[in-house]
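Here's the structure we're looking at; comments come further down.
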């Protein structure tokens, strides 16, 4: 199977999942959306469950690729975090509806690949944490994980509510503005009174 054929199958699968979940997803529907023969889809994936699992791997690999933008964080942590945020935001936008559906299903995807989850909780979090600590060395791994979760969740929220709050993610200018606001969660301000306080710390007003 060529890369073009696989990409067409994956894009078709994700488009259908984004529109109607798994209810209307069939091998025939994937083939029709991709503009290829049903035999080709069936030969390479065999079942709807396998196509779903591979589509999940396909879309999360794009999210994983965004973390490569943190490679230069040792020298330029803030630009690296913002570059990561932009790449991650665009990956979410490309398949936002499907990602929101996958997220809503939690662990309910049969044979779902675990590579992205393992990466995000391991090396991915490590890269983000290291970049944040270059700006504010008081940030621990738990706070870095919280910031990543808030950032990613904030990007998916407009997809979950389908624009009900007025955020138009199909508008490039508005999407860019929203992404920049979301990125602020990732970029700490050293010395600013916005650090997440842990148990037992003083939550009172600061002088």
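Numbering (our numbering), first residue to last: 1 to 207. The beta-carbon is built from N, C-alpha and C at its ideal position, and this holds for glycine as well.
Where does residue i sit, in a helix, a strand or coil, going by DSSP?
i, result
"residue 22", "coil"
"residue 159", "helix"
"residue 36", "coil"
"residue 13", "helix"
"residue 59", "helix"
"residue 4", "helix"
"residue 193", "Unreliable positioning characterises residue 193 in this predicted model, as indicated by a pLDDT of 46, which lies under 50. The coordinate reading is nonetheless provided below. Of the three classes helix, strand and coil, the one that applies to residue 193 here is coil, per DSSP."
"residue 47", "coil"
"residue 41", "helix"
"residue 184", "coil"
At the level of alpha carbons, what is the spacing between residue i and residue j?
i, j, result
"residue 186", "residue 36", "42 Å"
"residue 131", "residue 34", "40 Å"
"residue 96", "residue 53", "17 Å"
"residue 23", "residue 42", "18 Å"
"residue 142", "residue 29", "43 Å"
"residue 25", "residue 128", "36 Å"
"residue 84", "residue 175", "15 Å"
"residue 78", "residue 105", "34 Å"
"residue 156", "residue 3", "28 Å"
"residue 139", "residue 133", "6 Å"
"residue 60", "residue 148", "15 Å"
"residue 75", "residue 189", "17 Å"
"residue 103", "residue 10", "18 Å"
I think residue i touches residue j, with their Cβ atoms under 8 Å apart; what is that distance to the nearest whole Å?
i, j, result
"residue 100", "residue 159", "4 Å"
"residue 121", "residue 88", "The Cβ separation is near 16 Å, so there is no contact."
"residue 27", "residue 6", "Actually they do not touch by this definition, with Cβ atoms about 15 Å apart."
Using a Cβ-Cβ cut-off of 9 Å, state whether residue i counts as contacting chain C.
i, result
"residue 63", "Absent from the structure is chain C; it holds one protein chain and no more."
**Message:** Please give me, in chain order, every unbroken run of the beta strand (DSSP E) with length at least 3 that falls completely inside the region 63 to 114.
**Reply:** The beta strand (DSSP E) runs lying completely inside the region 63 to 114 and spanning 3 residues or more number zero.
**Message:** Which runs of the alpha helix (DSSP H) at least 4 residues long sit entirely within the region 124 to 157? Give them in chain order.
**Reply:** Entirely contained in the region 124 to 157, the alpha helix (DSSP H) runs reaching 4 residues are, in chain order, 125 to 135.
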